[in-house]
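K.L.:
With the working numbering, the residue at position 102 of the sequence shown is 129, and numbering never jumps.
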Amino acid sequence: MRGRQMMALVRKDLRLELRTRETIVAMVLFAIVMLAILQFGFGTRDDDLTRFVGGLMWVTLAFTAVLGVGRSYVAEREQRVLDGLLVSPVPRTVMLGAKAIAIFLYMTAVEVVVIPLVGIFFVKGPYWDAIGWIAIAAVLANTCIALSGTLFSGLALFTRARDLIFPVLFLPALVPVVIAGAGATHAVAGGPHDMSEWRGYCLFLLAYAILFSLVCVATYDAVFDD
Numbered sequence: 028m029r030g031r032q033m034m035a036l037v038r039k040d041l042r043l044e045l046r047t048r049e050t051i052v053a054m055v056l057f058a059i060v061m062l063a064i065l066q067f068g069f070g071t072r073d074d075d076l077t078r079f080v081g082g083l084m085w086v087t088l089a090f091t092a093v094l095g096v097g098r099s100y101v102a103e104r105e106q107r108v109l110d111g112l113l114v115s116p117v118p119r120t121v122m123l124g125a126k127a128i129a130i131f132l133y134m135t136a137v138e139v140v141v142i143p144l145v146g147i148f149f150v151k152g153p154y155w156d157a158i159g160w161i162a163i164a165a166v167l168a169n170t171c172i173a174l175s176g177t178l179f180s181g182l183a184l185f186t187r188a189r190d191l192i193f194p195v196l197f198l199p200a201l202v203p204v205v206i207a208g209a210g211a212t213h214a215v216a217g218g219p220h221d222m223s224e225w226r227g228y229c230l231f232l233l234a235y236a237i238l239f240s241l242v243c244v245a246t247y248d249a250v251f252d253d
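#1: For residue 215 and residue 160, which I take to be in contact (beta-carbon distance under 8 angstroms), what is that distance rounded to the nearest angstrom?
#2: Grouping DSSP H, G and I as helix and E and B as strand, with all else coil, what is residue 188?
#3: If you draw a straight line from the alpha carbon of residue 172 to that of residue 199, how long is it in whole angstroms?
#4: Grab the span of the alpha helix (DSSP H) containing residue 97 for me, first residue to last.
#5: From residue 100 to residue 219, what distance separates their C-alpha atoms?
#6: Compare the beta carbon distance of residue 141 and residue 58 with 7 angstroms and say whether it is the shorter of the two.
#7: Whose C-beta lies closer than 6 angstroms to the C-beta of residue 224 among residues of the same chain, with five residues either side of it excluded?
#8: What do you reckon, are the CB atoms on residue 208 and residue 164 nearer than 7 angstroms?
#9: Kindly indicate which three-state DSSP category residue 143 falls into: helix, strand or coil?
#10: Just the Cα atoms here: how many angstroms apart are residue 175 and residue 147?
#11: Mind listing, in chain order, the continuous alpha helix (DSSP H) runs of no fewer than 4 residues lying wholly within the region 226–251?
#12: Are the CB atoms of residue 60 and residue 194 nearer to each other than 7 angstroms?
#13: Is it buried or exposed, residue 97, if we count other Cβ atoms within 10 angstroms and call 16 or more buried?
#14: So residue 80 and residue 149 are supposed to be a Cβ contact under 8 angstroms. How far apart are they, rounded?
#15: Taking all protein chains shown into account, do 16 or more other C-beta atoms lie within 10 angstroms of the C-beta of residue 190, making it buried, or fewer, making it exposed?
#16: Would you mind working out which of 183, 139, 202 sits nearest residue 158, comparing C-alpha positions?
#17: What three-state label does DSSP hand residue 48 in the structure shown?
#18: Could you give the C-beta distance for residue 133 and residue 54, rounded to a whole number, given that I count them as a contact under 8 angstroms?
#19: Going by the beta-carbon positions, is the gap between residue 119 and residue 248 smaller than 7 angstroms?
#20: Keeping to the same chain, check which residues put their C-beta closer than 7 angstroms to that of residue 135; ignore five residues upstream and five downstream.
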């Protein structure tokens, strides 16, 4: 029952996004522009920026997440869909899971564009054979982003200055994700793969995702009940 409710809410979010094309298009364009700025800022196309590739990619994805996740509840509130959900018998944990899945899918769509562009813009050495390992780390990082973003966007939603409050809450939670994502990417991109280092960062991301899932389940009811 809860699984069907969750999937129905996910489909609602995706249909709304397909109809408006506001969030994903803005996120992808922002990420492309940011990568282009970083490429020109760090040097010419002939410069080998492989040693910076993890940081460049994950800083770009972090700010892209702030842009997109911050709007995750805006359309629902503007169209008063959220009010209907809050008075419905749908459990808050189902709302949490549905919104987290939608955010996860948004970030995945952005990374389908960003990860190849990073290889084109910044990497001279071997990169494409590491795409699979980078994608696994990205899945774990996306889970962390989706869970923390869902919680903090819900917290900021009912404040007057939500556009200012949300980044202040969300960015500190992204710092460990950026560090671990950048480390995992650097471990396998541009040279011999350091799989022990990659596994260590991925295990950290997994633990961080589990921690935030517990925090979300424990606090999400209070966020909307208040």
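For each residue, glycine too, the CB sits at the ideal point set by N, CA and C. Since we're looking at a predicted model, the values are computed, not measured.
P.N.:
The short version:
#1: Here residue 215 is taken as the residue at index 188 of the sequence shown, counted from 1. Here residue 160 is taken as the residue at index 133 of the sequence shown, counted from 1. Right, the Cβ-Cβ distance comes to about 4 angstroms (below 8 angstroms), so this counts as a contact.
#2: Walking along the sequence shown from the start, residue 188 turns up at place 161. Coil at residue 188, not helix or strand.
#3: Locating residue 172 in the sequence shown gives position 145, where the first residue counts as 1. Locating residue 199 in the sequence shown gives position 172, where the first residue counts as 1. Spanning the two alpha carbons is a distance of roughly 11 angstroms.
#4: One-based indexing of the sequence shown puts residue 97 at position 70. Unbroken run through residue 97: none, as it is neither H nor E.
#5: Translated into positions along the sequence shown, residue 100 becomes position 73. Translated into positions along the sequence shown, residue 219 becomes position 192. If you take the alpha carbons of residue 100 and residue 219, they lie about 43 angstroms apart.
#6: As a first step, residue 141 is located in the sequence shown; it is residue number 114 there, counting from the start. As a first step, residue 58 is located in the sequence shown; it is residue number 31 there, counting from the start. Taking 7 angstroms as the Cβ cut-off, residue 141 and residue 58 qualify as a contacting pair.
#7: Counting from 1 along the sequence shown, the entry for residue 224 is found at position 197. The residues are 214.
#8: Residue 208 sits at position 181 when you count from the first residue of the sequence shown. Residue 164 sits at position 137 when you count from the first residue of the sequence shown. In this structure, residue 164 lies closer than 7 angstroms to residue 208 by Cβ.
#9: The residue you call residue 143 lines up with position 116 of the sequence shown. If DSSP states are grouped into helix, strand and coil, residue 143 belongs with the helices.
#10: As a position in the sequence shown, residue 175 is number 148, starting the count at 1. As a position in the sequence shown, residue 147 is number 120, starting the count at 1. Roughly 30 angstroms between the two C-alpha positions.
#11: none
#12: For the purposes of this step, residue 60 is taken as the residue at position 33 of the sequence shown. For the purposes of this step, residue 194 is taken as the residue at position 167 of the sequence shown. Cβ atoms of residue 60 and residue 194: not closer than 7 angstroms.
#13: In the sequence shown, the residue the question calls residue 97 occupies position 70. Classification for residue 97: buried.
#14: Position 53 of the sequence shown holds residue 80. Position 122 of the sequence shown holds residue 149. With 8 angstroms as the limit, residue 80 and residue 149 qualify as a contact, their Cβ atoms being about 5 angstroms apart.
#15: Against the sequence shown, residue 190 aligns to sequence position 163. When all chains shown are included, residue 190 counts as exposed.
#16: Counted from its first residue, the sequence shown places residue 158 at position 131. Residue 158 has its Cα closest to that of 139, out of 183, 139, 202.
#17: On the sequence shown, residue 48 is found 21 positions in, with the first residue counted as 1. DSSP places residue 48 in coil when its eight states are reduced to three.
#18: Counted from its first residue, the sequence shown places residue 133 at position 106. Counted from its first residue, the sequence shown places residue 54 at position 27. About 6 angstroms; that satisfies the 8 angstroms criterion.
#19: Locating residue 119 in the sequence shown gives position 92, where the first residue counts as 1. Locating residue 248 in the sequence shown gives position 221, where the first residue counts as 1. Going by C-beta atoms, residue 119 is nearer than 7 angstroms to residue 248.
#20: The residue labelled residue 135 in the question sits at position 108 within the sequence shown. If we look at residue 135 and ignore the five residues flanking it on each side, its Cβ neighbours are 169.
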